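Protein chains in written order, with our numbering: chain W, 386 to 808; chain B, 386 to 808.
All C-beta atoms, glycine included, are put in the ideal place defined by N, C-alpha and C.
Quick caveat: nothing in here was measured; it's all calculated off a predicted structure.
Notes for the one structure printed next.
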């Protein structure tokens, strides 16, 4: 197993280590009611076991006939057929259409044997048992054929498809009330730090409220995972070992924040490494913010130890953890939406590290989209993040992006247009 | 109250009738745990009741000092200060820094009284009680001031903001563990039709499986509503009245499908009108598909009766119902993402009706996005919808959109690029 202590990996190397060693894969499937499957990921190919519709249906109200018996019929020269009964909706037809016969039929009802077309009621006139036909119809007129929507044997949906209203409609059409979907990855979330207090409690002097377990809990939901909130733990080896054991026992992924910088009390990597093999697989990434990120792997389960700064934690989650959760959920890792913009100011990178700068977007007077770096005294500030519309990535080999240069902004929110418009 | 029977309203008139008569507004708020608030809509402005951080914090490990005592310090000409104790993280400082004194401090710990800067540990050397300072620092160096992230009194989030990971981080920072959010609209969903069978049951001859209650149930979830699935009911006045009463009693919005075209058995509008005032407020819209759409209003609760064809039902939901649910949820009605494309074939409108054509998108050899109409024998086919990437709107006053004309495609899914790339 690789051991990369002291040396920082590049961002791309870190991604590679995760793909190779964590090797994120779906966690298996479960069968759930179709009514609860919205937003879940299909875990099987669906092949139609029947035609939809299952029978030839009338698409209009009118008369089921043999098309040849309407031949030559016109407004002022109708053909007269004999009414031979009615076909009701939702029932097997009880009539068979013979030569010169017509059966009443409604939209959606099955076409009776012997008929090969339907004349719309507007083109007919009934007097007792006589049905006058004022318009000739071709074979198959006003008939939706069995299998016209879905053909028996056709593969209608493939494994990996996210189930939205349209996909669920297709499954319902086939009579499927329960569906195999990929399991949702369970993600334990915990924060560390002697100064960190859970929101809702009284804040003692010298303490701050925990941000990360809450924001990461939400980020897990947004990524299609199921968070398990474990709370705040002190930077104590024995306490952390206990917490991590619990976290690993109840989840597929563990997310921690804090306790990974260079301070003497940063025992998180020690605690992770002590829990099983292979232990720490990555320690430090050449990105800013996010450098102290540490990743462990304990008996196949990844433990992502994110930095304590709220912005760093959420950014590293987005860059490195979100794709893992999405792959475990059977999804393709989603890329953030991007917009092109011009830099509203010079933005510097940090030497040797891929740098991410939070920006807001607005349109300038010539209607160009301009990305302004969010003013920030500290990379950890949560408001920096909440105010940002997205972030700009400055590669390691660039010293800065200059004002007015064209750049790509990765959007935190979808629906950017709305956001920008509403300012 | 208006009564617009027989005459079709234009699409825009229908939107106006809904806004005026249904008048969709948030349904009130509820207080929920912050850990469960992801994706919910904030129902209050949040003003900071404290500074974040609440105190001046060190942003590095090192020594808290008076900046003036480091004046002139250089690599080969250090200033020597006297160690006067340590500041621990998460605790109120027990030391006060006097002239020529320095206290050990770690990242995140409160700056002790008397200190106005922190020297990084890398620029110090300690021998017994002597701390040698090798680098001068300015006032406020390596200090994050109280309120630097969030200022007391600052409005950090406004009512109507959708709570994602970043917003939840801001609320946690302020110690807020419970949050006021808008209530989720409850939407009763039912299907009608003698031929319609619930998925999971055995399909008798002449019957088809219900699609709409399932696809609409999912569409309600996707729109931020809470669906209440009521199942399938026959086209019988008494039965429908009973079902609708139940639906109205348990929900804020009722969605039905089927029973609204011109057939003799179409009793839905009658059933809706019989339940209360003002009754039917809209009957028929000049759109294709979707013409038979009927809207009732019973004691302030809207009843949307959508056509039975699955494509029509989901399209009308998207055009007319989704915005209502989103406004009731306290959101702005989302517009679908759009892409520009060229028409891959001539697409006809239906006389006097705004026509919506389902299309798939692909790039042609010259890398232009081309919208091809989805082949369809019937507007009701669910596969038409599942295969479509989006839809094109052809205004009433156009006979057709010509092949190669530039058009706007409204996307069913986000992440269109991914979809197109993966073909």
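Beta-carbon spacing of residue i, residue j below 9 Å
| i | j | result |
| --- | --- | --- |
| residue 724/W | residue 754/W | yes |
| residue 606/B | residue 575/B | no |
| residue 521/B | residue 465/B | no |
| residue 726/W | residue 645/W | no |
| residue 615/B | residue 634/B | no |
| residue 554/B | residue 600/W | yes |
| residue 452/B | residue 515/B | no |
| residue 714/B | residue 423/W | no |
| residue 570/W | residue 636/W | yes |
| residue 700/B | residue 674/B | yes |
| residue 795/W | residue 719/W | no |
| residue 711/B | residue 544/B | no |
| residue 542/W | residue 427/W | yes |
| residue 494/W | residue 405/B | no |
| residue 449/B | residue 497/B | yes |
| residue 696/W | residue 770/W | yes |
| residue 556/B | residue 425/B | no |
Beta-carbon neighbours of residue i, restricted to chain W and to distances below 8 Å
| i | result |
| --- | --- |
| residue 423/B | 602, 603, 606, 607 |
| residue 440/B | 590, 591 |
| residue 541/B | 768, 771 |
| residue 675/B | Under the 8 Å cutoff, chain W gives no residues; its nearest Cβ is about 16 Å from residue 675/B. |
| residue 699/B | 550, 551, 554 |
Chain B contact residues for residue i, given Cβ-Cβ distances below 7 Å
| i | result |
| --- | --- |
| residue 775/W | Per Cβ cutoff of 7 Å: no residues; residue 775/W is ~11 Å from chain B at best. |
| residue 481/W | Per Cβ cutoff of 7 Å: no residues; residue 481/W is ~15 Å from chain B at best. |
| residue 579/W | 474, 475 |
| residue 562/W | 584, 585 |
| residue 419/W | 584, 599 |
Per-residue contacts from residue i into chain W (C-beta, under 7 Å)
| i | result |
| --- | --- |
| residue 558/B | 594, 596, 767 |
| residue 552/B | 771 |
| residue 411/B | By Cβ distance, chain W contributes nothing, its closest Cβ being about 18 Å from residue 411/B, past 7 Å. |
beta-carbon residue i near the ligand PLP non-hydrogen atom, thresh 8 Å
| i | result |
| --- | --- |
| residue 628/B | Absent from the structure shown: the ligand PLP. Ligands present: none. |
Residue span of the alpha helix (DSSP H) that contains residue i, given as start and end
| i | result |
| --- | --- |
| residue 696/B | 695-701 |
| residue 788/B | From DSSP, residue 788/B is part of no alpha helix (DSSP H); its letter is neither H nor E. |
| residue 556/W | 550-558 |
| residue 707/W | 707-713 |
| residue 402/B | 396-402 |
| residue 769/B | 767-772 |
Chain-ordered chain B contacts of residue i [CB-CB under 8 Å]
| i | result |
| --- | --- |
| residue 695/W | 554, 558 |
| residue 495/W | 590, 591 |
For residue i, the first and last residue of its enclosing beta strand (DSSP E)
| i | result |
| --- | --- |
| residue 519/B | Residue 519/B -> no beta strand (DSSP E), and no H or E assigned at all. |
| residue 598/W | Premise fails: residue 598/W lies in the alpha helix (DSSP H), 597-607, not in any beta strand (DSSP E). |
| residue 746/W | 739-748 |
| residue 437/W | Where residue 437/W is concerned, there is no enclosing beta strand (DSSP E), given that its DSSP letter is neither H nor E. |
| residue 542/B | 540-542 |
| residue 420/B | That residue, residue 420/B, is in no beta strand (DSSP E); it is neither H nor E in DSSP. |
| residue 572/B | 571-577 |
| residue 392/B | Run containing residue 392/B: none; DSSP gives neither H nor E here. |
| residue 775/W | 775-779 |
| residue 449/B | 447-450 |
| residue 728/W | 723-728 |
| residue 563/B | 563-567 |
Min CB distance residue i to chain A below 9 Å
| i | result |
| --- | --- |
| residue 567/W | Going by chain labels, chain A is absent from the structure shown, which instead holds the protein chains W and B. |
9 Å Cβ cut-off: residues of chain W touching residue i
| i | result |
| --- | --- |
| residue 448/B | The contacting residues do not exist; residue 448/B stays about 14 Å from chain W at best. |
Discussion item. Threshold first: 4 residues or longer. Then list the alpha helix (DSSP H) segments lying entirely within the region 613-648 of chain W, N to C.
Written reply: Taken in chain order, the complete alpha helix (DSSP H) segments of 4 residues or longer contained in the region 613-648 of chain W are 622-635.
Fill in: Runs of beta strand (DSSP E) lying entirely within the region 657-690 of chain B, each at least 3 residues, in chain order
Within the region 657-690 of chain B, the complete beta strand (DSSP E) runs of at least 3 residues fall at 663-668, 679-683.
Item to complete: Tell me the start and end of each unbroken alpha helix (DSSP H) in the region 455-509 of chain B that is at least 4 residues and wholly inside, in chain order.
Response: If we require 4 residues or more, the region 455-509 of chain B turns out to have no alpha helix (DSSP H) run fully inside it.
Worksheet item: Should the region 409-428 of chain B be called in touch with the region 550-569 of chain W, which here means at least 3 C-beta pairs below 8 Å?
Response: Verdict: no, contact absent.
Discussion item. Three Cβ pairs or more, each shorter than 8 Å: is that satisfied between the region 477-491 of chain W and the region 430-439 of chain W?
Written reply: Because the criterion of three Cβ pairs below 8 Å is not met, the region 477-491 of chain W and the region 430-439 of chain W do not touch.
Fill in: Touch test, the region 664-679 of chain W against the region 394-405 of chain W, Cβ-Cβ under 8 Å, three pairs minimum
Judged by Cβ distances under 8 Å, the region 664-679 of chain W makes contact with the region 394-405 of chain W, as three or more pairs qualify.
Worksheet item: Three or more C-beta pairs closer than 8 Å, one from the region 658-666 of chain W and one from the region 624-642 of chain W: is that the case here?
Response: Yes: at least three Cβ pairs fall under 8 Å.
Discussion item. Three or more C-beta pairs under 8 Å: does that hold for the region 494-513 of chain W against the region 459-474 of chain W?
Written reply: Flag = yes, the region 494-513 of chain W and the region 459-474 of chain W touch.
Fill in: the region 533-553 of chain W in contact with the region 674-686 of chain W per 3-pair CB rule at 8 Å
Touching, no.
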